[in-house]
Structures are given as C-alpha cells and as structure tokens.
Amino acid sequence: MTTSIQDDAQNDSALRAQAVARMRERRFGMFIHWGLYSAGARNEWMRHRERTPDAEYQRYLEHFEPDLFDPAEWADLAAAAGMKYVVVTTKHHEGFCLWETGQDTDFSVASTPWRRDLVGPIAESFRAHGLGVGLYHSLIDWHHPQFPIDGLHPLRDDAAARAEVRDVAEYRQYLHAQVTELLTGYGPVEQLFFDFSYPEHIHEGTPVWGGKGARDWGSEELLASVRRLQPGILVNDRLGIPGDYITPEQYQPAEPPTLDGVPALWEACQTINGSWGYDRDNTTAKSPDLLLRMLVDTVAKDGNLLLNVGPTARGELDPVAVETLRAIGRWMSRHGRAIHGAGPAAYTPPPDCRYTQRGNRLYLHLFAWPFEAVHLPGLAGQVEYAQFLHDASEVPMEVLSTDAESHMTSAAGTGGDTLTLELPVRRPDVAVPVIELFLR
Ligand code: GLC
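One rule links them: number in the working numbering = place in the sequence shown (from 1) + 1.
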C-alpha cells in the first residue's frame, strides 16, 4: 500500500500535536551546558570575551577528562526535582563536539584524554529515568576554519584571520551533516534547540558586523531535513525562520507570549546564577524559592521552564546546583500536580498570587502571605472544597456578606462574587504555599 503525500502530512501534524501536548504536560526541564569552557570555569562566552586564539584554547581540549561523569546521578537529581525532560548541549559556540562526530574535525571529545562519547550516555540515562531527551546545537562555531569571522568571533580583531577566505557553504555542509548524525544516532529527540541567528544583532550596545542567519545556515533545508529524520520533533525559533516554540532567555514574559496574535508554545530558559557554563567564582545564585516562583509564573502563563545546570570539567554538578535541585524537589514532591499537566486559569488572581489549573482543580499559589484572609474575585459559589496542597489540611471558605460596612472588629463586605479563604496566621513552611480549590 502506498501512502499519499496528504496522509504523510496528516500523520506529521498528528505527531506534532502530540508533541505539543506532551511538552505542555511536562512543564519543567533541565538544560545542561557542558563543554571545554567548563574547564575555563568563567562562562561559556569566555573565548569571545577574551579574544582567545585557537592555539591558546587548545589547552582545554588537551586536559578535558570528566572522570566523575555520572549521568545517572544527573538524571536522578533532575527526576527528583520534578523535571520531565533534558536539553543538553552537543556543541556550543566554541565548536567543541561532545560526541565522536564522523565529520572532519579534531575538536571533539575523541581528541580529549576522555576520548569517548558523552551525548549517548546522557541520553540513555535520562531516558532510563523516564525523562524526554532534547538536544541543543550551536549554529555559531568559533572553531570551524570555514566559519566566517564576524563581530562576535574571538578572532574579530585579528587582521590576519580576517583576511582569510572562508566559505560559509562549507561550514553549512558540516552543520547539516552533524545535525543528521545527532538525529540518527541517539534515538528519539523530542526537542531541538538551535542557537542562534544574528543578522542585525546588537551585542552589549554595539552592532555586530558580519552577523549570520537563515541563509548562512540553510535553515529551510535544515529544518526540512530535521522533520524528515524525526517527524515528531519540536524545533525552537532561533534558525532565523519560524519554529515550533519560542524561547525567552533569562527573563520572565510579563504576559503570555503570542505569535501573530495567537498564544504561542513557549519555553523560558533560565540559569541558576546568570551563567550557562560552569562559573566557579559566581556568587549570584537565585534562591530555590525564587526559581520556584518563576516556574509557577511560567506555568500560569502556559509556558515551560528549562532550568540550566553547568557541570564542572570533572563531570559533576556543583554543590549550589545540587542543593538548589534538591530544594526544588522538596517542593515539587508535594506540589507537582499544580505544575505537571497544569496551565493557565480563566480567573484573575489576587495580588501577589498566581493561578494554575488542571481539570477542575484550581491552584492558588501565594507568593506573599496575607493576614488571615485572601479574597478570590469571581469564585463565590464555584468552589466545593479547599485544602492546602502540601498537607491536605482543609482551608475554610466564606462569602463575606456583600452589603456589610466595616465595623470596629469586622471587615466590610467584598461584593457578591468574591470567595474568601481563611488562612492561618503562620505561613506554612514550604517554598510557595499552594491552596487546591476543587471547582464545582
Ligand atoms: C544564548 C547564548 C548562550 C546560551 C543560550 C541559552 O544566546 O549565546 O550562551 O547557550 O543562548 O539559551
């Protein structure tokens, strides 16, 4: 039996719809930035910032030996933190390949003292823990000899290097071949995070000359080949042409993002401390409580949160990351059902609160703790039962009489449609208290 092109297209769009539903169900993932820059331990853009020549950067290749690499431990931590998928760097802008690529380069894990593949063991370990696997792949490549030097390149001020003739078509071929390797060698890849296009880019206030985009990458062709190889995949929006989801980076959108006026599929990517790669001397880690509020805020706006860790060059997560993940896990183990499979609600939350909703359960997340009462407009008569989510203790509800005026010891009415919850004076000792409201 032959299937028509139309049948194929229908299958592909059914697969895509499934993938979108799965991504929304998961809500929380782990981003991993790992590469030679982990040895420099001062951010993955260090080569750009320090204008490091290839010969000097080579020392990281020669000494990269992650002898404590234990991807099962990473997967364990991610799963315990309530993360449902991982996106791992296969190559960052520095050009170092974390797998043994068949393409012509001496800049892969095969050339390090470690010598063996890192992408496969990561993918297998996370899948074994029930997590989905996604890949990050840099479009930018500061090592490839045919990648034309531009205003972001580490050799941007090197006159001799700038005088070299470089052919982006040759780099493009390398890029496409490597993406094919990644999508054929590592099982089902659910998300692909390309990074990034910058045709008219302003970097730290200065326009970047020689910026690159869809034409340089051959984005249309690349995307078509990605979809052919993995029809169920979701691709991000950084190829310079529209993708499947958008990727706000290191900021929380004030409103749910839209594309052409329609609510967009989106994933915020966030760091613990502002750096993606391991940054030894960084002291700006966000608290687990803040990261959890960011996760709740994201889900309340129908998005996903991809939270990054930057392993060390020995292959461990640093202690701050480990403790952060554990603290997140302590909250997620009791509050996961307000996150996974949950999304925005039609009600407007009171100040300093967020709603998420899953089926007929509405979750009120309290970012600040009010005294004794929280008023929920529009919910009078709508709620059958209310309880704290962490311990399933009942939260009493009442509708304050609508016409009452305030008196010495009694509050004024709140209007007929407002439901009031009675809170204990002491805030529950959890990162974000959540009240689960069973809607009628
Ligand atoms: C970027 C950066 C980067 C990081 C990333 C994550 O634009 O260049 O270092 O990998 O996006 O979203």
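Backbone N, C-alpha and C define an ideal beta-carbon position, used for all residues, glycine too. This structure is a prediction, so every number in the text was calculated from the model and none was measured.
CA-CA distance, residue 398 and residue 28? 30 Å
Which of helix, strand or coil does DSSP assign to residue 363? strand
With DSSP as the reference, identify every bridge partner of residue 355, one or two as the case may be. 366
Can you tell me which of the three DSSP states residue 387 falls into? strand
Relative to the ligand GLC, is the shortest distance from any of its heavy atoms to the C-beta of residue 201 smaller than 7 Å? no
Inter-residue Cα distance where the pair is residue 177 and residue 351: 50 Å
Cβ-Cβ separation, residue 435 to residue 341 (assumed contact under 8 Å), whole Å: So it is not a contact: roughly 13 Å between Cβ atoms.
So what's residue 242 in DSSP terms, helix, strand or just coil? coil
Does DSSP put residue 32 in a helix, a strand or coil? strand
If you run the structure through DSSP and keep just helix, strand and coil, what is residue 11? helix
In angstroms with no decimal places, state the Cα-to-Cα distance between residue 37 and residue 119. 13 Å
Going by Cα to Cα distance, which pick from 180, 419 and 360 is closest to residue 437? 360
Taking the continuous beta strand (DSSP E) assigned at residue 127, which residues delimit it? It is not in any beta strand (DSSP E) - residue 127 instead sits in the alpha helix (DSSP H) that spans 120-129.
Helix, strand or coil: which one does DSSP assign to residue 135? strand
Stretch-stretch touch, CB-based, cutoff 8 Å, three pairs: the segment 65-72 with the segment 310-322: yes
Take residue 2 and list the residues in its own chain whose beta-carbon comes closer than 6 Å to its own, dropping the five residues that flank it on each side. Confidence in residue 2 is poor, its pLDDT being 48 and thus under 50, which makes the residue's placement unreliable; the coordinate value appears in the next sentence. Nothing listed; no residue qualifies.
Among 123, 264, 246 and 288, which one has its Cα closest to the Cα of residue 270? 246
Heavy atom of the ligand GLC within 7 Å of residue 51 beta-carbon: no
Just the C-alpha distance for residue 332 and residue 432, rounded to the nearest angstrom, thanks. 7 Å
Near residue 357, what residues of its chain come up, given a Cβ to Cβ distance below 6 Å and the 5 sequence neighbours on each side ignored? 300, 301, 339, 343 and 364
If we count the other Cβ atoms within 10 Å of its Cβ and call it buried at 16 or more, is residue 99 buried or exposed? buried
How far does the beta strand (DSSP E) with residue 91 in it reach, from first residue to last? 86-92
Could you tell me if residue 268 is buried or exposed, where buried requires 16 or more neighbouring beta carbons within 10 angstroms of its beta carbon? buried
Count the other CB atoms, across all protein chains shown, that sit within 10 Å of the CB of residue 240; report buried if there are 16 or more and exposed otherwise. buried
Thinking just about the alpha-carbon of each residue, which of 294, 320, 15 and 7 is nearest to the one in residue 284? 320
When you compare the segment 99-108 with the segment 171-189, are there three or more beta-carbon pairs, one atom per stretch, that lie closer than 8 Å? yes
Any idea if residue 326 is buried or exposed, counting beta-carbon neighbours within 10 angstroms, 16 or more meaning buried? buried
Looking at the structure shown, is residue 208 part of a helix, part of a strand, or coil, going by DSSP? strand
Is the closest heavy atom of the ligand GLC to the C-beta of residue 270 under 7 Å? yes
Pull the bridge partners of residue 196 from the DSSP assignment, please. 139
What runs of the alpha helix (DSSP H), each 4 residues or longer, lie entirely inside the segment 136-180? 160-164
Which partner residues does residue 421 have in the DSSP bridge list? 376 and 399
Alpha carbon to alpha carbon, how far is residue 86 from residue 73? Give it in angstroms, no decimals. 14 Å
Return the first residue and the last residue of the alpha helix (DSSP H) that residue 59 is part of. 55-64
In the DSSP assignment, find the unbroken alpha helix (DSSP H) run with residue 266 in it and report its ends. Where residue 266 is concerned, there is no enclosing alpha helix (DSSP H), given that its DSSP letter is neither H nor E.
Alpha carbon of residue 157 to alpha carbon of residue 295, nearest angstrom: 37 Å
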